[in-house]
Amino acid sequence: MPKLTYREAVTKAIADELRSDENVIFFGEDVGESGGVFKTSPGLFEEFGPGRVRDTPISEEAFIGAALGAAITGLRPIAELMFADFIPVAMDQIVNQIAKYRYMTNGQFTVPLTIRAPQGAGAGFGTQHSACAESWLMQHPGLMVVVPTTPSDMYGLLRAAIREDNPVIVLEHKMLYNTSEDVPDNPAPMKIGEAKIARPGRDVTIVATQLMTQRSLQAAEELAKEGIEVEVVDLRSMAPLDKETILRSIERTHRLVVVEEAPHSAGWGGDIVSLAANEGIYWLDAPVVRVNMGGALVSYSPPLEDEVVPNVTRIAQAVRHVVNA
Numbered sequence: 010m011p012k013l014t015y016r017e018a019v020t021k022a023i024a025d026e027l028r029s030d031e032n033v034i035f036f037g038e039d040v041g042e043s044g045g046v047f048k049t050s051p052g053l054f055e056e057f058g059p060g061r062v063r064d065t066p067i068s069e070e071a072f073i074g075a076a077l078g079a080a081i082t083g084l085r086p087i088a089e090l091m092f093a094d095f096i097p098v099a100m101d102q103i104v105n106q107i108a109k110y111r112y113m114t115n116g117q118f119t120v121p122l123t124i125r126a127p128q129g130a131g132a133g134f135g136t137q138h139s140a141c142a143e144s145w146l147m148q149h150p151g152l153m154v155v156v157p158t159t160p161s162d163m164y165g166l167l168r169a170a171i172r173e174d175n176p177v178i179v180l181e182h183k184m185l186y187n188t189s190e191d192v193p194d195n196p197a198p199m200k201i202g203e204a205k206i207a208r209p210g211r212d213v214t215i216v217a218t219q220l221m222t223q224r225s226l227q228a229a230e231e232l233a234k235e236g237i238e239v240e241v242v243d244l245r246s247m248a249p250l251d252k253e254t255i256l257r258s259i260e261r262t263h264r265l266v267v268v269e270e271a272p273h274s275a276g277w278g279g280d281i282v283s284l285a286a287n288e289g290i291y292w293l294d295a296p297v298v299r300v301n302m303g304g305a306l307v308s309y310s311p312p313l314e315d316e317v318v319p320n321v322t323r324i325a326q327a328v329r330h331v332v333n334a
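Positions 10 to 334 (the numbering used here) are the ones given, in order, by the sequence shown.
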């Protein structure tokens, strides 16, 4: 069982799908000979050639629109946006065309299109290159949105996305690219829409994604020394959302903390709070707490960036507050 980094899982998933289906193509900015700005596509251009792996102009709206055209005419395109922050440049194509095309044609067309984008803070890229895009995308019916945390999940969910007949946005956290774990030699594509209990516990449920899942697990380790057992739910998929796993966890622990790398206003954590209030209110023994970025922007300054993004200390404090409420 070899070790695989999150970055290598991206490359392997794309390569395996390119090998298994001649209709799969891959394009984006600097994904060809240079191997991608985050080095997630090295060797693909050399193996599959410019007909299937190609660089695009710096025009997100144009090549995302081209990806839609390719998808509805028989191909399975993978389009890479260099940063998730550039999604708004192509939002008309994503929201008004890609998300709605299958519905508007009454199912006469499928849209087997995967859009990948690195996201998240922590690398000092500043406010225009550090956003997380889940909340922008998951409100639009017709889009599937996945947020892998581990190399295994990255590989399995990306392969599943490429095989899906509906459009899938795969958001990859930049701060996870160097993380690694043992991964089976030939893991199968995963089912989209299933959360994972990353750590079982009895006292408090934390719902989180990606880097916030990692930090929540670190906080859980610290809190265990104080006798507080935290259950960490890694969502993995935002649309569809695995409501059942979240609710069953709340039923076990009776307390809920939501940790999101996003502003408070209209953040996806509000959906989790709404779910808990509507379907889990009688299990809750304390108010729900959201730990997020408030109303702040991400700064180039490392200390300011660290202050904005939820950290282990803030997460642990929120759990203590809920336990003692």
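Even for Gly, the Cβ is constructed at its ideal location relative to N, Cα and C.
From the DSSP output, in three-state form, read off GLU231 for me.
helix
Where does VAL192 sit, in a helix, a strand or coil, going by DSSP?
coil
heavy atom of the ligand NAD below 7 angstroms from LEU84 C-beta
In terms of ligand content, the structure shown is empty, and the ligand NAD therefore cannot be addressed.
Collapsed DSSP secondary structure at GLU89 in the structure displayed
strand
Grouping DSSP H, G and I as helix and E and B as strand, with all else coil, what is PHE47?
coil
Using alpha carbons as the reference points, say which of GLY278, ASN32 and PHE54 lies closest to ASP39.
PHE54
Am I right that VAL62 and THR123 are in contact with their C-beta atoms under 8 angstroms? What's the rounded C-beta distance?
14 angstroms between Cβ atoms; not a contact.
Residue ranges of each alpha helix (DSSP H) run of no fewer than 4 residues wholly in the stretch 169 to 225, ordered along the chain?
none
For ILE159, which residues in the same chain have their Cβ closer than 7 angstroms to its Cβ, ignoring the five residues on either side in sequence?
Just to set this straight, residue 159 is Thr in the shown sequence, not Ile. Excluding residues within five positions, the ones whose Cβ falls inside 7 angstroms are GLU190.
Count the C-beta pairs between the stretch 129 to 147 and the stretch 200 to 207 that are closer than 8 angstroms, then say yes if the count reaches three, no if not.
no
Is the separation between the beta-carbon of THR114 and that of ASP174 shorter than 8 angstroms?
no
Beta-carbon contacts of TRP277 that lie in its chain and below 7 angstroms, excluding the five residues immediately before and after
GLU143, SER144, MET147, MET247, GLU269 and ALA271
So, using beta-carbon positions, are ASP294 and ARG261 closer together than 8 angstroms?
no
Given a cut-off of 8 angstroms, decide if MET153 and PRO86 are closer than it, judged by their beta-carbon atoms.
no
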